[in-house]
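This report refers to the structure that appears directly beneath it.
Residue numbers (full-length UniProt numbering): 1 to 165.
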């Protein structure tokens with residue numbers, strides 16, 4: 001008998017979690033980073049679709065914590081902990097962070113993809129969550145999905161096909 005798997009979609013500047021035999025997916029990662037956290041004992045997977053490196057630049061009235069690396073990662077960890085995940089078991093994987101456009105002399109402001117990757121790594125280190133796999137950089141888009149039953153992250157792109165981490 002085929003087991004029905006639920007698919008939880010994570011939008012841009014969004015985060016969510018899935019348990020057991022569910023799949024969690026986000027599409028359209030260019031300069032954005034798709035960051036997953038996984039508790040293998042509980043088969044609990046969380047994903048954040050991070051758009052920007054720091055909430056210091058936030059201008060919106062109500063802060064969307066899922067939009068920024070420095071706020072999305074602690075929020076995702078808190079959501080996993082609410083469901084019983086242990087920080088000592090959680091591991092992270094990430095993909096995305098492309099440099100989608102070339103800008104001559106634009107400096108750091110246009111390095112959004114690389115800065116997203118750097119901010120995610122810094123926040124993971126601060127939270128003491130090991131980053132065990134990544135597929136970042138380049139100049140192409142990605143779609144990612146994680147299977148909560150196995151912890152396997154699939155990365156799809158037109159340029160490189162399908163990768164498994």
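Think of the CB as a built atom: it goes at the ideal place given N, C-alpha and C, for glycine as much as any other residue.
As the structure is a computational prediction, the values presented were derived from the model and not from experiment.
Coil, strand or helix - residue i by DSSP
i          : result
residue 43 : coil
residue 86 : coil
residue 78 : helix
Residue span of the alpha helix (DSSP H) that contains residue i, given as start and end
i           : result
residue 113 : 112-127
Bounding residues of the beta strand (DSSP E) (the contiguous stretch that carries residue i)
i           : result
residue 135 : 131-136
residue 58  : That residue, residue 58, is in no beta strand (DSSP E); it is neither H nor E in DSSP.
residue 67  : Premise fails: residue 67 is in no beta strand (DSSP E) and is neither H nor E.
residue 157 : 153-157
residue 146 : 142-147
residue 19  : 15-19
residue 161 : 161-164
residue 8   : 7-9
Beta bridge counterpart(s) of residue i as assigned by DSSP
i          : result
residue 95 : 34, 135
residue 29 : 142
Cutoff 6 angstroms; reference residue i; Cβ partners in own chain excluding five residues on either side
i           : result
residue 16  : 8, 10
residue 113 : 31, 97, 98, 99
Close Cβ partners of residue i (< 7 angstroms) along its chain, the five nearest in sequence each way excluded
i           : result
residue 124 : 73, 92, 131
residue 159 : 140
residue 64  : 13
residue 32  : 12, 49, 50, 51, 96, 116
residue 164 : 152, 154
residue 1   : Any reading at residue 1 needs caution, since the residue's pLDDT is 45, under 50, leaving its predicted position unreliable; the model's value is listed next. The answer is none, since no qualifying residue turns up.
residue 41  : 89
Close-in-space but distant-in-sequence residues of the same chain around residue i (CB under 8 angstroms, 5 per side omitted)
i           : result
residue 81  : 87
residue 128 : 87
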